[in-house]
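What follows is a single structure, written as structure tokens, with notes after it.
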Amino acid sequence: MNALILIIAILCLNQALHALPSYNKAKNPIGRRHMVSSQDPLASKTGMDILHQGGNAIDAAIAVAYSLAVTHPQAGNLGGGGFMLIYIKKENKVYALDYREKAPKAAWKDMFIGENGEVSKTLSQDSLWATGVPGTVAGLDFAWKTFGTLPLQTCLAPAITLAKEGFPVSRQLHNHLDIAKDDFLQRNNGSLAFYPNNQTIATGSILVQPELAQSIQWIANDGPKAFYQGPIAAKLIDFMQKNRGLITREDLLQYRPKFREPVSANYRGYHIYSMPPPSSGGIHLIQLLKMVEGFPINDWGYQHPKTLQLFAEAMSLVYQDRATYLGDPDFVSIPQRQLLSPSRIKQQQQQLQQILSQTKRPHPRPAPPNIPLYESNDTTHFSIIDSDGNMVSNTYTLNFRFGNKIMIPGTGILLNNEMDDFSAKPGAANAYGLIGSHANAIAPEKRMLSSMTPTLVFKDNQPWLATGSPGGSRIITIVFQTLINLIDYNMNLIEASTVPRMHYQWQPDTLYLEKDFDPQTKKNLTDKGYLLKPNPKIGSIQSVLRIEDVTIGVSDPRTSTSN
């Protein structure tokens, strides 16, 4: 029976692959008892190797996360932070681990406001002041100590080898490094492994990172103490003191990851778990699903103009809520129960029904010229299901591609620029076009609001799906559409991961569409009053899906490292 399910699953997925010529570079999914999906094949392999050695999903997650810090430095990181959802089959419980960065104790509310009263993007995005206290090393160690089974040295050994012995540079990594070359060389003293003789390392060349290998070895030997108290901490604090940075030894010593209560809800018989604040992802994912649950989107069909308008207007409502209510729950009171209450969802459904019934959308607003939408996918996600049914969905980031492009001297570790995710000034947009209020204002030791949406789904009370994506402000809508594709449109995993996506976030008032949307659909939306803008790549969904004891993984071809 299991063999038959495996054969059918592979045949269906291969058929879907060949049926989508626009995405014919998709990795060919293979059914196994356990599976890892990430943006980098080397990192995925390290996770699979750990599972083959008898490790569980959490052991594999630690190996993948450290390996991505080596092979996918655009977003894989030791100097950033993120969120991890963990399902432990034996306990039948989902844990939400928050290892988001925090503002340094020396931070203050108006620290990025220039003399002209406007937000200084140089300070909030490009400087040492843009760096939040990193949480990755502490968070990964916390997960491993709580749920891991293999020695830490075993989990970190693959990353040490990749950094010490090197790996071939993909065309994508070369291109990203080449774009960032001037900033890297300007902001760092001394030579960088990325730029031998001040030239971008060539595609196919072997990238060796001895300083990063040493840093990971220190962590393998001494755990997070190496990063927050030991040799890495010493180098970081020395660098901060010499360059007017804000992070202090006290900031590092007092950083703690923490478990939070996941956001959850039923959607058409499936049970969804996602990340709570300080991520906005979980609340808004559930809001979107519950709002559209009252509409016959399966009858309307995928890409139908009415379906896309419903999605856009529902997205508009949740991003207005994001701007108004969301922040760090340790600092502000978030009306989560009210936002997700059936009465409010019903009220929003009535609003949506009224909008859909009109010939023109109400009060269309021109896109504000001062609110850009940062286009790149500067985060990374991986999903894991092991043979016992344990699941991990992990999204972590440096914020921008390579963070602020500043490396801690002598460590090979890149720093984040997550402080830009705060609302530096009420009503002022950050790099992703997101607007915030006092709820997400800067304060010492506060965690900045995020859109990261690691998600776990259960079918018939059994582990079914682990998924998530990079994509900045678009992460929420990417995960939402993937779930809709799987549950409402009964797509298989590769179809759900590769069909065209859309995105709308209230401000800017622009509906973003990937290629391959039907021209008549676009015309209908334009006639309704929407300003359409093409967007070549929206996200990079990384998913693993379990059918009985067969697990299938799909890595989004939009941002494959081989591209």
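Residue numbers for the sequence shown follow my numbering, beginning at 69 and rising by one.
We put the beta carbon where it would ideally sit given N, CA and C, even for glycine.
This structure is a prediction, so every number in the text was calculated from the model and none was measured.
Query                                                                                                                                                                               : Result
In whole angstroms, what separates the C-alpha of residue 622 from that of residue 564?                                                                                             : 10 Å
DSSP on residue 411, reduced to helix/strand/coil?                                                                                                                                  : helix
Could you tell me which of 294, 257, 309 and 114 sits nearest to residue 197, measuring between CA atoms?                                                                           : 309
Counting along the chain, where does the beta strand (DSSP E) carrying residue 333 start and finish?                                                                                : 331-335
Between residue 612 and the ligand COA, is the CB less than 6 Å from at least one heavy atom?                                                                                       : For the ligand COA, the structure offers nothing, since it holds no ligand at all.
Are at least three pairs of beta-carbons, each pair with one atom in the region 351-360 and one in the region 543-560, less than 8 Å apart?                                         : yes
Just how far apart, CA to CA, sit residue 233 and residue 138?                                                                                                                      : 11 Å
On the DSSP bridge assignment, give the partners of residue 312 in chain order.                                                                                                     : Answer is none; residue 312 lacks a bridge partner.
Leaving aside the five residues before and after residue 443 along the sequence, list all residues of the same chain whose C-beta is less than 7 Å from its C-beta, in chain order. : Only weak support is given to the placement of residue 443: the predicted model assigns it a pLDDT of 44, under 50, and the question is left unresolved by the model.
Leaving out five residues on either side along the sequence, give the residues of the same chain with a beta carbon under 6 Å from the beta carbon of residue 340.                  : 333 and 525
Using the Cα positions of residue 450 and residue 316, report the straight-line distance between them to the nearest angstrom.                                                      : 31 Å
I'd like the list of long-range same chain contacts for residue 287, defined as Cβ closer than 7 Å, with 5 residues on each side in sequence excluded.                              : 205, 224, 294 and 295
Give the straight-line distance between the Cα atoms of residue 560 and residue 620, rounded to the nearest whole angstrom.                                                         : 10 Å
Is it the case that the region 602-615 contacts the region 534-545, given that we only count it when at least three CB pairs across the two stretches are under 8 Å?                : yes
Roughly how many angstroms separate the alpha carbons of residue 192 and residue 181, rounded to a whole number?                                                                    : 9 Å
Alpha carbon to alpha carbon, how far is residue 425 from residue 342?                                                                                                              : 32 Å
State the start and end residues of the unbroken beta strand (DSSP E) segment that holds residue 188.                                                                               : Unbroken run through residue 188: none, as it is neither H nor E.
Once DSSP output is grouped into helix, strand and coil, what is the label at residue 184?                                                                                          : coil
Just reading off the beta strand (DSSP E) that residue 603 is part of, what are its end residues?                                                                                   : Looking at the DSSP string, residue 603 is not in any beta strand (DSSP E), and its letter there is neither H nor E.
Return the first residue and the last residue of the beta strand (DSSP E) that residue 153 is part of.                                                                              : 149-156
Distance, Cα to Cα, residue 265 vs residue 578?                                                                                                                                     : 43 Å
For residue 532, report the span of its beta strand (DSSP E) as first-last.                                                                                                         : 530-535
Pull up the DSSP beta-bridge partners for residue 236, would you.                                                                                                                   : 274
How big is the Cα-Cα spacing for residue 396 and residue 273?                                                                                                                       : 43 Å
Excluding five sequence neighbours on each side, which residues of the same chain lie with their C-beta closer than 6 Å to the C-beta of residue 375?                               : 365 and 368
How many angstroms separate the CA atom of residue 279 from the CA atom of residue 146?                                                                                             : 13 Å
Have a look at residue 230 and residue 164 and give me their C-alpha separation to the nearest angstrom.                                                                            : 29 Å
Have a look at the DSSP bridge pairing and note the partners of residue 610.                                                                                                        : 623
Can you tell me which of the three DSSP states residue 210 falls into?                                                                                                              : helix
From this set, 519, 569, 398 and 480, which residue's C-alpha is nearest residue 258's C-alpha?                                                                                     : 480
Rounded to a whole number of angstroms, what is the C-alpha to C-alpha distance between residue 236 and residue 361?                                                                : 46 Å
Taking its Cβ as the centre, do 16 or more other Cβ atoms sit within 10 Å of residue 184, making it buried, or is it exposed?                                                       : exposed
Would DSSP call residue 447 helix, strand or coil?                                                                                                                                  : strand
When you compare the CB positions of residue 353 and residue 544, do they come within less than 7 Å of one another, or not?                                                         : yes
Helix, strand or coil for residue 616 per DSSP?                                                                                                                                     : coil
Look up residue 567 in the DSSP assignment and say whether it is helix, strand or coil.                                                                                             : coil
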